[in-house]
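Residue numbers (the working numbering): 435 to 809.
Beta carbons: idealized from backbone N, C-alpha and C, even for Gly.
The structure under discussion appears below in the form of structure tokens.
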């Protein structure tokens with residue numbers, strides 16, 4: 435697979451639920467008739483921004499030290515109770531930074547389970563992610579652990595992340611998880627430097643027995659601003675390949691910050707048939723909500739406009755009634771091609787990338803091939 439515009443991915447042949455950004459939704463429909471104006475599919479909590487790593491693409495530009503203003507144990511417990519009031523209940527994800535940088539992370543996971551929330555977790559691949567930690571995740575009742583693979587080999591993965599040893603740690607963590615029966619998903623960032631390795635990474639995902647492969651189309655934020663993005667034409671080619679790969683894959687494929695994957699899927703369904711479990715993608719403020727380490731509520735971790743703080747206003751109220759959240763769900767009011775698009779109701783473009791490119795969350799997504807054609 436090439437990032438240049440004259441090379442297409444291999445059909446569905448060579449490169450051969452449920453999630454942090456969005457667990458499933460088949461093309462054009464909400465899972466279990468969930469009303470996204472009332473109940474998100476996924477709530478992600480940034481447990482801490484502290485992390486021992488300094489990966490080149492980090493959204494948070496994470497640092498080694500914890501912020502003294504991060505939510506306390508008691509405040510986190512209040513957050514868990516707020517999440518538990520949503521009906522149906524969303525998937526709840528502990529993320530970071532590195533959640534393992536909080537000494538009370540296992541107690542927090544236990545408390546979440548105690549109040550009726552089943553957490554998933556996205557730990558950093560540091561020496562703290564050892565067999566003992568993974569066994570504790572399984573014993574507590576963590577739903578799933580997400581691990582990052584941005585290359586199919588140690589050389590390419592560690593070079594992309596700017597941290598040596600992270601590939602080996604991720605592989606060992608996946609193997610430990612398999613031993614204790616903990617479900618895993620693999621997260622991969624798509625950039626101009628990683629796109630050619632997607633087929634080989636998919637094979638790794640299958641070999642590791644992952645339940646899901648989350649494919650994140652880079653939003654230039656934090657350290658990720660320095661990375662080269664793929665072109666809109668390449669993005670469409672990648673999604674066509676992802677769809678075909680997903681029709682016979684033993685794992686689910688979802689995309690993050692690329693909701694036009696639904697449009698690609700709709701166009702290909704008659705040829706390749708629907709993939710098992712449907713097509714998964716996410717929408718900032720429309721099925722997805724992010725709570726920062728200090729309690730600020732954002733439509734997405736990649737859209738840094740606050741809707742308020744859970745220390746002052748309950749999460750359900752902010753998600754349902756905040757003006758920013760409501761604007762993100764009123765897609766016909768978006769600017770430019772995204773507002774005029776015939777499939778805006780089921781797509782809407784990446785609001786995070788639109789914000790990064792235009793300075794407004796209602797702008798058009800510059801990675802969308804159809805939006806580019808209409809500009």
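Beta-carbon proximity of residue i to residue j, cut-off 7 Å
i           : j           : result
residue 691 : residue 784 : yes
residue 718 : residue 617 : no
residue 559 : residue 486 : no
residue 737 : residue 795 : yes
residue 647 : residue 605 : no
residue 781 : residue 722 : no
residue 634 : residue 669 : no
residue 422 : residue 621 : Residue 422 lies beyond the range of the chain shown here (435 to 809); nothing can be said about it.
residue 762 : residue 739 : no
residue 509 : residue 482 : no
residue 477 : residue 526 : yes
residue 790 : residue 684 : no
residue 771 : residue 666 : no
residue 514 : residue 484 : no
residue 663 : residue 652 : yes
Three-state secondary structure (DSSP) of residue i
i           : result
residue 563 : coil
residue 468 : coil
residue 676 : helix
residue 770 : helix
residue 661 : coil
residue 779 : coil
residue 481 : coil
residue 554 : strand
residue 541 : helix
residue 718 : strand
residue 648 : strand
residue 571 : helix
residue 653 : coil
residue 549 : coil
residue 629 : helix
residue 744 : coil
Host alpha helix (DSSP H) of residue i (start-end)
i           : result
residue 788 : 785 to 792
residue 516 : 507 to 518
residue 755 : 749 to 755
residue 633 : 632 to 641
residue 713 : Taken as a continuous stretch (DSSP letters only), residue 713 belongs to no alpha helix (DSSP H), as it is neither H nor E.
Endpoints, the beta strand (DSSP E) within which residue i is located
i           : result
residue 577 : Run containing residue 577: none; DSSP gives neither H nor E here.
residue 686 : 686 to 690
residue 764 : Per DSSP, residue 764 belongs to no beta strand (DSSP E) and is neither H nor E.
residue 739 : First-last for residue 739: undefined, no H or E at that position.
residue 730 : 730 to 732
residue 619 : 618 to 624
residue 529 : 525 to 529
Local Cβ density within 10 Å of residue i, reported as buried at 16 or more and exposed below that
i           : result
residue 461 : Here residue 461 scores only 31 on pLDDT, less than 50, and its place in the model should not be relied on; the value that follows carries that caveat. It counts as buried.
residue 533 : buried
residue 553 : buried
residue 801 : buried
residue 480 : buried
residue 766 : exposed
residue 755 : exposed
residue 649 : buried
residue 671 : buried
residue 776 : exposed
residue 519 : exposed
residue 660 : exposed
residue 624 : buried
residue 537 : exposed
residue 764 : exposed
residue 614 : exposed
residue 644 : buried
residue 636 : buried
residue 566 : exposed
residue 507 : exposed
residue 530 : buried
residue 631 : buried
residue 704 : exposed
residue 779 : exposed
residue 793 : exposed
residue 550 : exposed
residue 457 : Its pLDDT being 33, under 50, residue 457 is placed unreliably by the model, and the measurement read from it follows with that caveat. Residue 457 comes out buried.
residue 474 : buried
residue 598 : exposed
residue 733 : buried
Minimum Cβ-Cβ distance from residue i to chain C less than 7 Å
i           : result
residue 571 : Considering every chain present, this structure includes no chain C. It has just one protein chain.
Closer than 6 Å: residue i CB and nearest the ligand SAM heavy atom
i           : result
residue 596 : Ligands displayed in this structure: none; no statement on the ligand SAM is therefore possible.
> Which residue spans inside the region 578 to 612 form an unbroken alpha helix (DSSP H) run of at least 4?
Replying inline: Fully enclosed alpha helix (DSSP H) runs of 4 or longer: 588 to 595.
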